[in-house]
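> So the sequence shown is numbered by UniProt numbering: it starts at 1 and just counts up by one.
Cβ atoms here follow ideal geometry from the backbone N, Cα and C, with glycine treated the same way.
These numbers were taken from a predicted model, which means no experiment stands behind them.
Sharing a structure here in structure tokens format.
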Amino acid sequence: FLLDVTKNLMNTDSEAASATPRRCAKCGACTAVCPVYQVSGRESLTARGRLHLLGKLTHPLSSRVCREIFSKCLLCGACVQACPRGINIIDFFLAAREEAGEINITTAIKKALTYKVLDSGLLMRITGRGFRFLDHTLPAESGLRPRLGLSAASAPAGEHSNFINSQPPAALKPQLLYFTGCLANHLQPVIARASRELVRIITGQELYAPPGQTCCGMAAFNAADHQQALNLCKANITIFEQPPYNEQKIFTSCASCFAHLKSYPRLLAHDRQWAVRAAAFARRVEEFSSFLRAGITSAPQRKGKAKIKKIVYHDPCHLRFMAAEDQRDFNGAARQLIALAPGLELVELPHGSQCCGQGGLFRLSHPRLSRRIGRNLWQDFAAADAPLATTTCTGCLFQWRQGLSETAVKAKVLHLAEILLEAEDINQGRRDK
């Protein structure tokens, strides 16, 4: 469907080419929620401004300035949720980016290099080995650790090339399947190991990641490399519909992966056969916090006087906005898990949930703007005076570590799986003990 949107945008002889952008009422609801506008103050960087360009200019993406304007969007989805007319804003921006990529050779080369890495197990293993070499080599106090998103504790010696290759052999029919995502599989396997153990403790189920799974495709999708995104969708669906992986629920520990996996039916809606397969796949996908929260039926009892640590939970935009149509309170479930964990005290930020500025490749292409967006968040976190921060989005996790490393704030940033696994007696209230 996004390819069809692109064709309409490029077909300037048709009234349909700008019909949807012109539906924008210019009300400004999008400006109140746009992280980029809030730090830049530029009207052209709002959803309203970009839709105006699409509706008025014949070939907006032939201009270098316009290409830059459309590249400076986090694709967080806040504007879509705020729009009173329900305009599919993100779809039009992605279509514009695809056209821009065809015009701009630099963008095309960057996309090709980036997704060759994401789609190649060999290249991801090489990248992962580089990170793990540093993890084994750099001292705990090295300033490079937080900048590279490496935890202070080195990974276990003798670790295999990635989590999937190092996991125990599967049972004849695994109880619960695991979609790891690129980072947990290749660069931060500690997240995958913690997730596997936590699932076993809380639900009693063994988690298994089927070999052959690949990147969820969100990175390619956000860069408007639609063919690559569709190829990755189909590859994952195929792996998870083959026996003995064709019936179990599919658990993922990454918020961004979850939001994108759930969108597969929409991405493949133009192909009836694949749309049916994608819908069956998406129905099986389970989000980290809501799945684990359902496995706890009673509050664990505190033993003695546990030392209380304050912790801040960061709401991933992909759960706040992109997965909002699911109607489940995923971030609320994460807060409930923290509240149930003895020894932790959840602290809310003074100004509530905010975008961290990661936006997938946004930080790579617009690092200064990304840092400016994150700066307000780091200031709020400093005011909260908490030694811990957590989230379920691996991209946000890296952004938090990088951002706090540039401040005087001393705090640990860990995936929620790691936090809960370390919490005292979280398994006391699990279902079917």
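Below 6 Å CB to CB, which residues in the same chain sit around R277 once its five sequence neighbours on both sides are set aside?
Walking along the sequence shown from the start, residue 277 turns up at place 277. Closer than 6 Å at Cβ, skipping near neighbours: I237.
> Assuming residue 454 contacts L346 under a Cβ cut-off of 8 Å, what Cβ separation, rounded to an integer in Å, is found between them?
As displayed, the chain neither begins before 1 nor continues past 433, which places residue 454 out of reach and without an answer.
> Using only CA atoms, which one of A382, L94, N331, Q399 lies nearest to F221?
Locating residue 221 in the sequence shown gives position 221, counting from the first residue. F221 has its Cα closest to that of L94, out of A382, L94, N331, Q399.
> Take every Cβ of the stretch 254–268, pair it with every Cβ of the stretch 279–287, and state whether three or more of those distances are shorter than 8 Å.
Yes: the two stretches touch, three or more of their Cβ pairs being nearer than 8 Å.
> Helix, strand or coil for I373? Go by DSSP, reduced to three states.
The residue given as residue 373 occupies position 373 in the sequence shown. Three-state result, I373: helix.
> Tell me the DSSP bridge mates of A389?
For this step, residue 389 is matched to residue 389 along the sequence shown. Note: A389 sits in a beta bridge opposite V312, V413.
> For Q81 and F321, what's the separation of their Cα atoms in angstroms?
Within the sequence shown, the letter at position 81 stands for residue 81. Within the sequence shown, the letter at position 321 stands for residue 321. If you take the alpha carbons of Q81 and F321, they lie about 7 Å apart.
> What are the complete alpha helix (DSSP H) segments, minimum 4 residues, inside the UniProt domain "4Fe-4S ferredoxin-type" (15–44)?
List check, alpha helix (DSSP H) in window: 35–40.
> Pull the bridge partners of T252 from the DSSP assignment, please.
What you label residue 252 is simply residue 252 of the sequence shown in a count that begins at 1. In DSSP, T252 forms a bridge with F179, E287.
> What are the complete beta strand (DSSP E) segments, minimum 3 residues, inside the stretch 190–262?
Counting only runs of 3 or more, we get 250–252.
> With L57 as the anchor, note down where its beta strand (DSSP E) starts and where it stops.
Looking up residue 57 in the sequence shown gives position 57. That residue, L57, is in no beta strand (DSSP E); it is neither H nor E in DSSP.
> The beta strand (DSSP E) that contains E406, what's its start and end?
For the purposes of this step, residue 406 is taken as the residue at position 406 of the sequence shown. Where E406 is concerned, there is no enclosing beta strand (DSSP E), given that its DSSP letter is neither H nor E.
> Let's test the definition: count the other Cβ atoms within 10 Å of the Cβ of P387 and tell me whether it reaches 16, buried, or not, exposed.
Here residue 387 is taken as the residue at index 387 of the sequence shown, counted from 1. Counting Cβ neighbours within 10 Å, P387 comes out exposed, since fewer than 16 surround it.
> Which partner residues of L346 appear in the DSSP bridge assignment?
Here residue 346 refers to the residue found at position 346 when the sequence shown is read from its first residue. Note: L346 sits in a beta bridge opposite I311.
> Go through its chain and collect everything with a Cβ distance to G357's Cβ below 8 Å, but skip five positions before and after it.
Taking the first residue of the sequence shown as 1, we reach residue 357 at position 357. For G357, where only same-chain residues beyond five positions count, the Cβ hits under 8 Å are P35, L74, R363, L369, S370, R371, R372, I373, G374, L377, Q399, G403.
> Would the beta-carbon of A334 fall within 8 Å of that of S365?
Residue mapping note: residue 334 aligns to position 334 of the sequence shown, counting from 1. Residue mapping note: residue 365 aligns to position 365 of the sequence shown, counting from 1. It is not a contact, given that the beta carbons lie outside the stated cut-off.
> Taking the C-alpha atoms as reference points, what is the distance between Y37 and L361?
Along the sequence shown, one-based indexing puts residue 37 at 37. Along the sequence shown, one-based indexing puts residue 361 at 361. Straight-line Cα distance between these residues: approximately 18 Å.
> Counting only the same chain and skipping the five closest in sequence on each side, list residues whose C-beta sits under 7 Å from that of C79.
As a working note, residue 79 is residue 79 in the sequence shown. Hits under 7 Å: C30, V33, C34, A47, I89.
> Cα separation between G332 and R200?
As a position in the sequence shown, residue 332 is number 332, starting the count at 1. As a position in the sequence shown, residue 200 is number 200, starting the count at 1. Spanning the two alpha carbons is a distance of roughly 22 Å.
> Compare the Cα-Cα distances from D329 to each of A209, P21, E286, A269 and report the closest residue.
The residue given as residue 329 occupies position 329 in the sequence shown. Among A209, P21, E286, A269, the Cα nearest to that of D329 belongs to E286.
> Between the alpha carbons of Q213 and P243, how many angstroms are there, rounded?
Your numbering for residue 213 matches position 213 in the sequence shown. Your numbering for residue 243 matches position 243 in the sequence shown. If I take the Cα positions, the gap works out to 14 Å.
> Going by C-alpha to C-alpha distance, which of F240, C254, N185 sits closest to H248?
Translated into positions along the sequence shown, residue 248 becomes position 248. Before going further, note that residue 248 is Gln rather than His in the sequence given. For Q248, the nearest C-alpha among the options comes from F240.
> Do you know offhand how far E422's Cα is from Q205's?
As a position in the sequence shown, residue 422 is number 422, starting the count at 1. As a position in the sequence shown, residue 205 is number 205, starting the count at 1. Looking at the two C-alpha atoms, the distance is approximately 19 Å.
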